[in-house]
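Chains as they are written, first to last, in the numbering used here: chain G, 8 to 526; chain R, 84 to 542.
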């Protein structure tokens with residue numbers, strides 16, 4: 008392209024039918040192996056599944072349309088072109104840590120020597136993979152200042168559930184009846200949800216003016232019923248809880264525990280460790296912090312780690328080594344049991360191993376520092392831009408992320424955080440996390456990670472400035488955006504209305520056949 | 084140092100960015116971290132230094148060489164997951180970086196393709212199960228089962244759960260862990276030693292008016308297909324308990340779908356639909372319900388739905404019923420699940436449409452024939468009970484040997500054959516002479532004959 012001569016961005020816009028419109032159940036693009044043997048097998052067996060299954064025989068072919076291979080490829084390729092990930096452009100969703108996913112990791116994770124391994128294969132036949140997992144476990148423990156990690160948990164929320172259950176079981180074993188979990192109002196929604204699943208009552212701790220845990224409110228909440236506190240540090244405002252050592256002392260002095268939500272580790276890895284801050288149990292999101300991709304919603308890996316006597320409560324099995332041999336340690340006297348089947352989401356675990364192996368300790372630290380520079384550089388670029396403000400002590404440096412409020416712009420023009428998000432999409436930039444944390448009005452929660460080039464960060468700041476100008480000039484036009492994406496703004500009311508909500512084609516089919524389906 | 088994945092980490096950019104921020108030293112950005120816990124030097128992890136791709140490849144290769152891969156013949160190892168073939172096209176699709184580097188589609192307009200793929204997965208899975216609503220995934224079968232039981236407790240407001248004793252033992256463990264924080268009474272139903280099926284009489288005696296749910300797997304841990312499903316549904320529904328069924332979705336090419344016999348919630352794992360073994364994960368947890376207000380509103384996990392543009396001119400897709408979820412409802416959410424196995428759902432969708440209904444039927448049929456052929460051939464040996472249970476089975480089956488199985492297993496390994504799963508330490512059987520074998524479309528008759536011959540030599 009000629010410098011300066013840019014045309015607007017447009018996303019691919021295929022009019023791609025549903026697979027149901029493309030194929031029929033009689034078609035198939037698949038040739039099953041050894042199909043020529045089936046007749047011989049029937050002869051040898053003297054029976055067919057149709058005869059043997061009797062009343063458990065499916066009476067009709069599943070209503071699954073079949074397509075030829077080229078049709079499958081075109082359909083999903085077109086759908087992919089109407090999708091947007093980090094490889095397409097910045098995805099600065101706050102607290103989601105959408106960093107670049109190294110290609111070598113994808114390559115290695117697909118190696119048949121990992122992919123074709125059966126989980127019940129004898130440990131002696133998978134020593135290479137177990138060694139990798141063992142090293143990963145040791146590295147993560149060292150990086151976080153914990154003693155041991157369980158690789159079982161398939162996502163951050165599963166790690167939180169494991170942690171909350173560990174706390175619950177710990178107190179059950181001690182015969183202590185503690186049923187309250189303290190959670191700041193700035194916390195990720197998964198924290199209260201996980202605590203509730205483990206049977207705790209959630210006690211909300213407000214945030215003080217300077218953006219950290221309100222210490223007076225914390226003091227007032229502490230009691231003999233307190234089981235622990237779930238904290239993320241830096242918190243969701245991107246602010247480091249500078250009174251963390253005091254908080255830890257307060258909790259520990261009454262016999263309660265500290266849980267660390269590792270979703271926000273990226274800006275501090277290699278600089279300060281949750282274990283040194285006083286946390287007893289932590290989880291890490293390997294699909295965020297350690298470069299494994301997010302897959303449009305998963306698979307993730309949410310390793311959970313513990314210190315001291317809490318190690319006994321980690322979900323089993325744990326990866327272990329005796330002499331030169333690696334094995335799974337199932338010993339479980341106090342442990343909470345299993346959080347899922349087998350050992351964990353191996354593919355993202357391998358990717359995290361590769362990420363750490365290639366960067367090393369120093370590289371991880373440099374990546375953290377760069378992510379924090381990117382955050383604060385962006386804040387500097389946004390300084391003095393009318394329409395946006397940085398709530399909670401704007402002088403304090405942020406870490407992995409920052410939260411802007413578009414409240415001034417909304418008051419002035421009626422343009423909301425959602426409108427701003429859609430206007431960003433219209434420029435080919437993914438929106439930040441919006442309306443979170445709940446304590447900030449019209450929140451725009453932005454996390455660039457270390458992966459974004461400087462120029463991209465500048466472009467994002469310029470886009471926000473231009474959108475603010477546009478909001479003053481023509482606010483109603485902004486409400487109609489986006490227009491350059493594969494589809495225009497979608498109707499959430501229709502999507503969720505009891506009479507129109509349609510989660511599957513089957514429901515649509517039933518409605519088209521005249522059924523009145525309401526939810 | 085140069086960081087390949089952090090483009091602004093060069094000295095010039097850094098200096099200019101710091102100047103703009105208004106500081107000289109990067110550590111000023113960490114001035115609010117208590118000094119005494121700031122690390123003096125970077126942690127000594129990794130291999131002590133940065134590695135290039137080539138160096139990394141060589142290290143990884145030296146490790147992976149110690150793994151043993153079984154493809155000739157493919158593993159006969161069962162236990163809830165089996166070796167299946169994966170069409171290359173499935174990999175090609177999930178390797179599209181627009182898909183795999185995307186986040187959860189919070190902004191639907193820029194991720195329509197991903198959302199359509201998710202909607203198609205939900206729709207195809209619903210049709211395979213003959214259920215109305217399927218979500219876009221749980222972690223795996225076990226957590227789906229645990230979440231189904233939790234949902235049933237919320238719907239019925241009851242605190243007793245009845246679980247078939249012949250389910251996969253690891254799933255039983257997971258269910259117990261997830262219910263640890265709840266005041267709940269879990270009761271197991273025994274199974275018939277002849278058929279391997281649920282003891283219906285016992286089931287009827289245990290299910291009462293306090294029962295939230297009855298959970299049964301079809302096929303069960305032994306590979307046996309429960310044929311009393313209509314009766315089980317009746318027992319559950321008579322007491323207003325929910326009927327939760329766990330399935331192998333591939334079996335549904337020929338086996339009756341749970342929607343046809345009154346299942347309220349269906350769970351399972353779509354690993355057989357085009358996903359790698361991956362030494363245990365990632366897999367793809369299935370969660371589906373009937374069209375029922377309470378069931379759908381109590382569903383955990385992400386749901387995608389059809390909608391229109393605000394001008395009403397076009398149809399599109401977006402995340403729906405989000406008020407059930409943690410980011411809005413917090414401690415009152417139906418579940419804490421956020422990240423799931425979404426990319427695996429795209430793989431399963433591609434796999435299902437590549438096969439189509441008829442292809443799925445033929446494939447399931449072929450697996451039935453092959454596994455029955457293996458069972459029949461093993462029964463030729465004196466003293467071998469194959470299959471051990473008389474109930475009709477799919478894909479997996481238990482074989483009982485006249486001597487401890489581990490000696491047989493070791494001899495098979497020496498011949499490069501990965502045999503069945505030893506059941507010596509596996510509830511519900513705990514029998515050191517028995518093993519759980521799995522035969523799929525990946526096994527030719529010749530592969531099966533090789534297994535049979537090798538076992539003959541080991542006996």
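Note that beta-carbon positions come from the ideal geometry of N, C-alpha and C, so glycine has one too.
Predicted model only: the values in this text are computed from it and were never measured.
Under DSSP, residue 483/R takes part in a beta bridge, and its partners are 468/R, 517/R.
Contact note: residue 109/G reaches chain R through 88, using a C-beta cutoff of 7 Å and chain order.
Under a 10 Å Cβ-count criterion, residue 321/R is classified as exposed, with fewer than 16 other Cβ atoms of the shown protein chains found around its own Cβ. Relative to the Cα of residue 239/R, the nearest Cα in the group 480/R, 125/R, 366/R, 347/R belongs to 347/R.
In the three-state reduction of the DSSP assignment, residue 365/R falls in the coil class, being assigned neither a helical nor a strand state. From the listed residues 102/R, 374/R, 474/R, 518/R, the smallest Cα separation to residue 485/R is found for 518/R. With distances taken between CA atoms, residue 268/R lies nearest to 236/R out of 236/R, 254/R, 306/R, 151/R. For residue 477/G, none of the residues of chain R pass the 9 Å Cβ criterion, the least Cβ distance being about 18 Å.
By the criterion of a C-beta distance shorter than 7 Å, residue 204/R is surrounded in its chain by 219, 428, 429, 431, 432, once the five residues flanking it on both sides are discounted.
At a cut-off of 9 Å between C-beta atoms, residue 444/R counts as an interface residue with respect to chain G. Between residue 325/R and chain G, the shortest Cβ-Cβ separation is not below 9 Å. The three-state reading of DSSP puts residue 422/G in coil, since its state is none of H, G, I, E or B. By the C-beta density criterion, residue 513/R is exposed, having fewer than 16 other C-beta atoms within 10 angstroms.
At a cut-off of 9 Å between beta-carbon atoms, residue 297/G makes no contact with chain R.
Considering only beta carbons, the part of the stretch 398-423 of chain G lying closer than 8 Å to chain R consists of 403, 404, 406, in chain order. Of the residues assessed, residue 154/R falls on the exposed side of the cut-off, its CB having fewer than 16 other CB atoms within 10 angstroms. Assigned with DSSP and collapsed to three states, residue 207/G falls in coil, not helix or strand. When the Cα atoms are used, residue 480/R and residue 289/R turn out to be separated by approximately 28 Å. Around the beta carbon of residue 110/R, fewer than 16 other beta carbons sit within 10 angstroms, so the residue counts as exposed.
Cβ-Cβ distances below 6 Å link residue 420/R to 383, 384 in the same chain, with the five nearest sequence neighbours on each side left out; the list follows chain order.
Ranked by how close their Cα comes to the Cα of residue 483/R, the residues 495/R, 469/R, 211/R, 345/R have 469/R in first place.
Around the beta carbon of residue 143/R, 16 or more other beta carbons lie within 10 angstroms, which makes this residue buried.
For residue 59/G, the chain R residues whose C-beta falls within less than 9 Å of its own C-beta are 451, 455, 475, listed in chain order. Contacts between residue 33/G and chain R, judged by CB atoms closer than 9 Å, involve 439, 440, 441 in chain order. When Cβ-Cβ separations below 9 Å define contact, residue 191/R makes contact with chain G. Look at the stretch 108-183 of chain G and you find these whole runs of beta strand (DSSP E), each 3 residues long or longer: 155-157. Look at residue 517/R: its C-beta is not under 9 Å from any C-beta on chain G. DSSP, reduced to helix, strand and coil, places residue 251/R outside both helices and strands of the structure shown, so it counts as coil. In this structure, the beta-carbon distance from residue 179/G to residue 261/R does not fall below 9 Å. With fewer than 16 other Cβ atoms from the protein chains shown falling within 10 Å of its own Cβ, residue 462/R counts as exposed. The beta carbon of residue 503/G falls within 9 Å of a beta carbon belonging to chain R, placing the residue at that interface. Annotation for residue 74/G: 26, 29, 30, 34, 36, 82 place their beta carbon closer than 8 Å to its own, counting only its chain and skipping 5 residues before and after.
The beta carbon of residue 328/G sits closer than 6 Å to the beta carbons of 141 from its chain, once the five residues preceding and following it are set aside; these are given in chain order. A distance below 9 Å separates the beta carbons of residue 420/G and residue 479/G. Taken in chain order, the members of the stretch 86-108 of chain G whose beta-carbon sits within less than 9 Å of a beta-carbon on chain R are 86, 87, 88, 89, 90, 91, 92, 93, 94, 95, 98, 100, 103, 105, 106, 107, 108. Nearest CB-CB separation between residue 296/R and chain G: not below the 9 Å threshold.
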